[in-house]
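Student: My questions will all concern the structure given below.
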Amino acid sequence: MRRREFITLLGGAAAAWPLAARAQQPAIPLVGFLHGSSATVFADRLRAFQQGLKETGFVEGENVAIVYRWAENQFDRLPELAADLVRRRVAVIAVNTPAALPAKAATGRIPIVFLVAEDPVRTGLVASIARPGGNLTGVNIISGEMTSKRLEFLRELLPSATRAALIVSQFVIVGSTRQDFEVAAHAMGLESDILNANTSREIDAAFATFVNRRPDAVFVSTDPFFTSR
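Structure representation (C-alpha cells):
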C-alpha cells in the first residue's frame with residue numbers, strides 16, 4: 086500500500102466503512118500510536134509525529150484523535166497493546182521497530198505505518214520495498230544496514246583493533262543486525278562478541294563481561310530500551 090493511500094484512507098475513513106460498521110465509529114477518525122518506549126523518553130519524536138499530521142491537515146483534538154499505547158520498555162506487552170488498538174477500530178496504526186511485528190500479527194486489515202531500523206524485507210514486515218503488499222508501509226532508517234560501515238570506521242580509527250562487541254535486546258528485530266555484525270567483523274578479521282541485555286541489570290552484566298574480554302569497541306543496537314537508559 087502506498088503512503089498517499091494512507092492519507093486518503095485517514096481522510097475518507099468514515100466514507101469507506103460499511104454502513105453497519107460506520108454507525109459504530111467515532112465522529113472523527115482514530116489514529117493508533119504504538120511504541121515500545123515511553124512518552125517521556127521520546128517526547129521530541131512524539132512532537133514531530135504530531136507536527137507531521139498537522140502538516141497533512143490533521144490536528145489532534147480537532148479532526149483526528151490519537152490513541153497512544155506505550156509499552157514502557159516492557160516489550161512483551163506489545164501484542165496486548167496492538168490488540169487493544171485493533172479492538173478500538175483505529176483507522177491506521179503508527180509503530181516503531183519493536184512494535185512493528187506485534188502490530189502486523191494483530192491485524193491484516195488496518196493499515197500500519199512503520200519507522201524501523203532494520204530492513205523491513207529481511208525481517209518479514211513487507212514483501213518488497215517497491216511493492217510492500219499487505220497492510221504495511223513506512224520508512225527504514227537503515228541503521229541495521231550501517232553495521233558494516235561502523236566497523237569500517239573502527240578499522241580506520243583503530244587499525245590495530247582485533248575484537249569488536251555488540252549489545253542487543255531480544256525484544257526487538259535484531260536478527261539481521263546480529264548477522265550483519267558477525268559477517269562484517271569476520272570479513273575484516275575481527276573477533277566478535279554479541280551479548281543480549283533485556284534489563285538494566287543485564288546491561289551492567291554485559292559491560293562487566295566486556296571489561297573482562299576487553300573488546301576494542303562496543304556497539305549498541307538501535308533500540309528504545311537502550312535509548313531510555
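Residue numbering for the sequence shown follows the numbering used here, beginning at 86 and increasing consecutively.
Cβ atoms here follow ideal geometry from the backbone N, Cα and C, with glycine treated the same way.
(1) Less than 7 Å separating the beta-carbons of ILE197 and LEU170?
(2) From the DSSP output, which residues share a beta bridge with ARG154?
(3) So is ASN297 buried or exposed if we call it buried at 16+ other beta carbons inside 10 Å?
(4) For the alpha helix (DSSP H) that PHE295 lies in, which residues bound it at each end?
(5) Quick check: what's the CA-CA separation for PHE292 versus ASN283?
(6) Whole angstroms are fine: how far does the CA of ILE113 sit from the CA of ILE195?
(7) According to DSSP, simplified to helix, strand and coil, what is VAL171?
(8) Could you round the C-beta distance between ALA150 and LEU115 to whole angstroms and report it? I think they count as a contact, below 8 Å.
(9) Here's a check: name, in chain order, each residue in its chain whose Cβ is nearer than 7 Å to the Cβ of ALA269, leaving out the five neighbours to either side.
(10) Please say whether LEU166 and ARG154 have beta carbons closer to each other than 7 Å?
(11) In three-state DSSP terms, what is ARG207?
(12) With a threshold of 8 Å on Cβ separation, who are the neighbours of SER213 within its own chain once the five nearest residues in sequence on each side are excluded?
(13) With C-beta atoms as the reference, is PHE266 less than 7 Å away from LEU280?
(14) Buried or exposed, going by whether 16 or more other CB atoms sit within 10 Å of the CB of HIS120?
(15) Give me, in chain order, the residues of the same chain whose beta-carbon lies closer than 6 Å to that of PRO217; leave out the 5 immediate sequence neighbours on both sides.
(16) Which residues share a DSSP beta bridge with PHE304?
(17) For ALA188 versus VAL180, is the C-beta distance shorter than 7 Å?
(18) When you compare only the Cα positions, how much space is there between GLY146 and THR208?
Tutor: On the basis of the data shown:
(1) Not closer than 7 Å, so no.
(2) In the DSSP output, where bridge partners are listed per residue, ARG154 has LEU119.
(3) Looking at its Cβ environment, which holds fewer than 16 other Cβ atoms inside 10 Å, ASN297 is exposed.
(4) According to the DSSP assignment, PHE295 belongs to the alpha helix (DSSP H) that extends over 285-298.
(5) Approximately 13 Å, taken between the alpha carbons.
(6) If I take the Cα positions, the gap works out to 16 Å.
(7) When DSSP states are grouped into helix, strand and coil, VAL171 belongs to the helix group.
(8) By a beta-carbon distance limit of 8 Å, ALA150 contacts LEU115. Their separation comes to about 5 Å.
(9) Only THR232, SER233 and LEU236 meet the Cβ criterion.
(10) Closer than 7 Å, so yes.
(11) Here ARG207 sits in coil by DSSP.
(12) Excluding positions up to five away in sequence, the list reads VAL206.
(13) Contact flag unset, no.
(14) With 16 or more other Cβ atoms within 10 Å, it is buried.
(15) Only residues of its own chain outside the window of five on either side were considered, and among them VAL211 have a CB closer than 6 Å to the CB of PRO217, listed in chain order.
(16) As a beta-bridge residue in DSSP terms, PHE304 pairs with LEU251.
(17) Yes, these two residues count as a Cβ contact at 7 Å.
(18) Taking the straight line from one Cα to the other gives about 35 Å.
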